[in-house]
Each structure stands twice: as structure tokens, then as C-alpha cells.
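Notes follow once the structure below has been shown.
In our numbering, the protein residues as written are 1092 to 1421.
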């Protein structure tokens, strides 16, 4: 039975228009030959002269980055926007409305100080002062060079075949990107926190990437059945790691089972095997046994050096994707 994901996502488009603060260098800006001089690197670069201090545009650029991070936190780029869970749309629209308000305030502040700010900048760079003043847009022209448009819509293809095709496309695209992000973040966390160690203590801040990923995974787990199981793995992992917030370490069986969970997340082959194990028993006993097998432990044995450490990968598992840190479970 095909899963209909189109009805569960919305597309949100966040389109920023920002003035670059630059203008094309003219022949008169470059004096060659005897006594010639090029504009300083601070005043010009890559064939463009800077009409204002680039730092004066930083506040607007940061708002653009903030809006993109917000959309990335809940979805993935799709159809010239971001595909996000439709039930997160009101929350994201509210947060983008705050960004829009700040954008208008920063835009007004920039325009109010534009000429004075540009004059002060060009006083520091007399070699381009005359041509830069001539190239400066007027306030009316400049106002049109700053804009923020936010739109959201549901995808509603015309016709059954078009709907099926687009549903397949969104399912495949989001599944691939979500799984790749899980692998990337889990691999980085494994290499930084687990590899070559036999105990662990973490902080709430260091778990930030995993916590953010779990929030995103919860919103998009409907994309494919596999992700509901990976959500369980992440919940289990974060619950175990949060025990160390009080300064205590996890070690022994607890450490190696936590390590097994991160290995399952960072290896697509292991995660598929975990899903098969989880689906094979209603009480999750097979999933639990699988985790212990990945950890190199049996259900009764406690060991300081499980078999897992004998096969620690020497390369990032994204490069060496055939590595499996355990004897075959099945």
C-alpha cells in the first residue's frame, strides 16, 4: 500500500533580496603603467568596488541565515522552497513573521544611515571615492533592492498519475536526505565521543546536534516506516547519554550499548537490520537482542572489553560503508 505523503507536507518559500553593496569596477578605477595604482583589496575585489562597508550589511545577512536555519531545522529543500511537516507550519510561519519584522527594522536602519555610512567608508578609500559616489544607487532605487517574501502552500497535483509521481518523488527525496543527515550527524558524534573510548560523559550542549536531529526526525518520521524505528533508537540513546549531565560517566555495558545505538544510526546497513529485528517481535525483544549483539554483549554477560572494539573501523563509515562491527545477527 502506497503511503500518501503529499497531504502531510507543506512547501514554504523564503525569498530574500539583498543589495550586495558593490558596483562593477570601471576602467578609470584601475590605473596601469608608470605611477599606476590598483584599488586596495579592502575597497575592491573580483571586479567589484565596494560602495559601503560590507559590515553594514551583516545584520541583514544574519537574518537570511537565521531564516534558512529555521526552515532546515524542520525540513529539506524541495520545489524551490522547503518541504516541512504541515503540522509545524503555523509555528514556522510565526517565527518567520518575527524575522520579517526584524528585517524591515534593519532595512529601515540601513537606509536611514546609507549616505553617511557610504561617505565615511569612501573617505577611507579615496582611490575609488569619485567613481563609487557616481555609481551609488539613490535611496528610492536602493529600497527596491531589499525584500523578503514568505509564501507557503500545499502541493495538489492535477490528475492521479501526476499525484502518484510527485508523491513518489517527495518520498524518495525526503527519505534520502533525512537518512543521509542521520548518518552524517551520528558519524560525527561517534568519531568525536565514542571512537577509541570505554567511558563517556557529555553535556547538554554537546548533545545539541542529536537533540535537534531527533526533533526533525519526529516531525518527518511519517515519510517511511523505517524512521519511526530510528526515532526509537535516538530516544533511547539520548535517554542514556542524559544520565551523564550530573557529572557521572557511563561505562561498561551502558557505554557499549549506547555506542551500539550510535553505530546503528550511522550505518545504513545496520539500521536496516535493526528495523528488521524490531519488526520481527511485538515486544521489541529482538531489537534489544540486536543492540546487544552490535555492542558485542550477550544478554547476561557484562564485560569491559566487548567484541565490538576488536573491529573498530579505521575510516569514516560513510567512506567504508561495508564495515559491520559485529558478527552476523541472523
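Beta carbons are placed, not taken as given, at the ideal position from N, Cα and C, and that holds for glycine.
For clarity, every value in this text was computed on a predicted model and none was experimentally measured.
Sufficient close CB pairs (3 or more, under 8 Å) joining the segment 1135-1143 to the segment 1172-1180:
The segment 1135-1143 vs the segment 1172-1180: no contact.
Residue range of the alpha helix (DSSP H) that includes residue 1219
Sequence index remark: in the chain shown, residue 1219 carries index 128 (1-based). Per DSSP, residue 1219 is one residue of the alpha helix (DSSP H) stretching across 1217-1226.
When burial is assigned at 16 or more other CB atoms within 10 Å of the CB, is residue 1199 buried or exposed?
Taking the first residue of the chain shown as position 1, residue 1199 is located at position 108. The residue is exposed, with fewer than 16 neighbouring Cβ atoms inside 10 Å.
Sub-8 Å separation of residue 1208 and residue 1102 beta-carbons
Locating residue 1208 in the chain shown gives position 117, where the first residue counts as 1. Locating residue 1102 in the chain shown gives position 11, where the first residue counts as 1. Contact flag unset, no.
The segment 1308-1324 / the segment 1279-1295 touching (three or more Cβ pairs under 8 Å):
With a cut-off of 8 Å, the segment 1279-1295 and the segment 1308-1324 do not count as touching, because too few Cβ pairs lie within range.
Cut-off 6 Å between Cβ atoms - residues of its own chain near residue 1104, not counting five sequence neighbours on either side
Your numbering for residue 1104 matches position 13 in the chain shown. Closer than 6 Å at Cβ, skipping near neighbours: 1172, 1242.
Grouping DSSP H, G and I as helix and E and B as strand, with all else coil, what is residue 1367?
Numbered from its first residue, the chain shown carries residue 1367 at position 276. In the structure shown, residue 1367 falls within a helical segment according to DSSP collapsed to helix, strand and coil.
Endpoints, alpha helix (DSSP H) assigned at residue 1211
Position 120 of the chain shown, counting from 1, holds the residue named residue 1211. From DSSP, the alpha helix (DSSP H) with residue 1211 extends over 1180-1214.
Collapsed DSSP secondary structure at residue 1066 in the structure displayed
Because the chain is modelled from 1092 through 1421, residue 1066 falls outside the range shown and cannot be assessed.
Quick one: give me the first and last residue of the alpha helix (DSSP H) that residue 1351 is part of.
In the chain shown, the residue the question calls residue 1351 occupies position 260. Residue 1351: member of the alpha helix (DSSP H) spanning 1343-1357, first to last residue.
Quick check on the DSSP output: the alpha helix (DSSP H) that includes residue 1249 runs from which residue to which?
In the chain shown, residue 1249 corresponds to position 158, counting from 1. Element bounds for residue 1249: n/a, residue is neither H nor E.
Coil, strand or helix - residue 1302 by DSSP
Counting from one through the chain shown, the residue named residue 1302 turns up at place 211. Annotated three-state conformation of residue 1302 is helix, per DSSP.
Identity of the residue in 1261, 1342, 1376 nearest residue 1246 by Cα
Here the question's residue 1246 lines up with position 155 in the chain shown. Checking every option, the nearest Cα to that of residue 1246 belongs to 1261.
I want to see whether chain B comes within less than 8 Å of residue 1231, judged by CB atoms only; does it?
Absence of chain B from the displayed structure is noted, only one protein chain being present.
Rounding to the nearest angstrom, what Cα-Cα distance links residue 1164 and residue 1282 in this structure?
Your numbering for residue 1164 matches position 73 in the chain shown. Your numbering for residue 1282 matches position 191 in the chain shown. Distance between the alpha carbons of residue 1164 and residue 1282 is about 23 Å.
Using a Cβ-based criterion (distance less than 7 Å to any ligand heavy atom), does residue 1300 qualify as near the ligand FAD?
This structure does not include the ligand FAD; it has no bound ligands of any sort.
Pick from 1303, 1253, 1363: whose alpha carbon is nearest that of residue 1161?
Taking the chain shown and counting its residues from 1, one reaches residue 1161 at position 70. When only C-alpha atoms are compared, the closest one is 1303.
Per the contact definition of three or more C-beta pairs closer than 8 Å, is the segment 1335-1349 in contact with the segment 1360-1367?
No, they do not touch.
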